[in-house]
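A.B. asks: Sharing a structure with you now.
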Amino acid sequence: MNTYKITLLAFLAAIAIVGRNLFVFIPGFQPATVIIMIAGLMLGSIAAVILALLITILSNLTLGMGMWAIAQIISWGLIGLLSGLLGRYFKKIPIYILVILSIIAGYFYGFVISLMTYQVTGHFWPYYVMGLSHDTNHAIGNGIFMALLYPVIAYLIKRYASNYFHQ
């Protein structure tokens, strides 16, 4: 990983962290998942997993750190990993498909968080059902953020890559 890619990941992490803090008053509505997905699609799985780690640790410094941080890293890391694999095998994905995948990612994130909580509490279904409204906010937010952010971030990454990535 070169300096330019690290700089790009830092920039994407900053956008996600500001977005999480900016929309904190709407539970689950934040751009972090979508930014991780876009990074996976365009920069690869490793970059997306690193971004998931950075976003979780740095944003939780202001939003609150707890045992859920491990579940967030795992959830966002898996989303980044899967996005990276998707980006590797499909170069041109229509935006409506990305919006649908981002909505699914919102529910997937909540499911993984609930599974991790099950390991601690021993109760999965009550926790999962109680979190469905939060997951729905997350899914709707993901769809909105993907539609708004993907064209802009994809353009910037492609432009940045054409200027600096000589691999």
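Residue 163 in the numbering used here sits at position 109 of the sequence shown, with consecutive numbering throughout. Glycine included, every Cβ here is placed at the ideal spot set by N, Cα and C.
(1) What's the C-alpha gap between GLY73 and MET96?
(2) Which of the three DSSP states, helix, strand or coil, is assigned to LYS212?
(3) Among the candidates ILE194, ILE90, GLY176 and THR61, whose CA atom is the shortest distance from the CA of GLY134?
(4) In this structure, how does DSSP classify VAL103 when only helix, strand and coil are distinguished?
(5) In chain order, what residues of the same chain lie with their CB nearer than 7 Å to the CB of VAL103, ignoring the 5 residues before and after it?
(6) How would you call MET200, buried or exposed, if buried means at least 16 neighbouring beta carbons within 10 angstroms?
(7) CB-CB under 6 Å to HIS177, same chain, minus the five flanking residues each way: which ones, in chain order?
(8) Would you mind working out which of ALA193, THR61 and ASN114 sits nearest ILE154, comparing C-alpha positions?
(9) Taking the alpha carbon of ARG213 as the reference point, which residue from ALA123, THR116, LEU62 and ARG142 has its own alpha carbon closest?
(10) Is the beta carbon of TYR172 closer than 9 Å to that of TYR163?
(11) Mapping the DSSP letters down to three states, classify GLY195 as helix, strand or coil.
(12) Could you give the C-beta distance for PRO85 and ALA70, rounded to a whole number, given that I count them as a contact under 8 Å?
(13) Considering PRO85, what are the terminal residues of the alpha helix (DSSP H) in which it resides?
C.D. replies: So, to answer that:
(1) Counting from one through the sequence shown, the residue named residue 73 turns up at place 19. Counting from one through the sequence shown, the residue named residue 96 turns up at place 42. Near 20 Å, if we compare the C-alpha coordinates of MET96 and GLY73.
(2) Taking the first residue of the sequence shown as position 1, residue 212 is located at position 158. Judged by DSSP in its simplified three-state form, LYS212 adopts helix.
(3) Numbered from its first residue, the sequence shown carries residue 134 at position 80. Ranked by how close their Cα comes to the Cα of GLY134, the residues ILE194, ILE90, GLY176 and THR61 have ILE90 in first place.
(4) The sequence position of residue 103 within the sequence shown is 49, counting from 1. Of the three classes helix, strand and coil, the one that applies to VAL103 here is helix, per DSSP.
(5) Here residue 103 refers to the residue found at position 49 of the sequence shown. Within the same chain, VAL103 has close Cβ partners GLY131, GLY134 and LEU135.
(6) To locate residue 200, count along the sequence shown from 1; it is residue 146. MET200 should be labelled buried.
(7) The residue you call residue 177 lines up with position 123 of the sequence shown. Excluding residues up to 5 positions away in sequence, nothing lies with its Cβ nearer than 6 Å to the Cβ of HIS177 in the same chain.
(8) Numbered from 1 along the sequence shown, position 100 holds the residue referred to as residue 154. Closest option to ILE154, judged by alpha-carbon separation, among ALA193, THR61 and ASN114: ALA193.
(9) Here residue 213 corresponds to residue number 159 of the sequence shown, with the count starting at 1. Considering only alpha carbons, the answer is LEU62.
(10) Sequence index remark: in the sequence shown, residue 163 carries index 109 (1-based). Sequence index remark: in the sequence shown, residue 172 carries index 118 (1-based). Result no, Cβ atoms of TYR163 and TYR172 do not sit closer than 9 Å.
(11) For the purposes of this step, residue 195 is taken as residue 141 along the sequence shown, with counting starting at 1. The DSSP-derived three-state label of GLY195 is helix.
(12) As a first step, residue 85 is located in the sequence shown; it is residue number 31 there, counting from the start. As a first step, residue 70 is located in the sequence shown; it is residue number 16 there, counting from the start. Confirmed, about 6 Å.
(13) Counted from its first residue, the sequence shown places residue 85 at position 31. Bounds of any alpha helix (DSSP H) do not take in PRO85, whose DSSP letter is neither H nor E.
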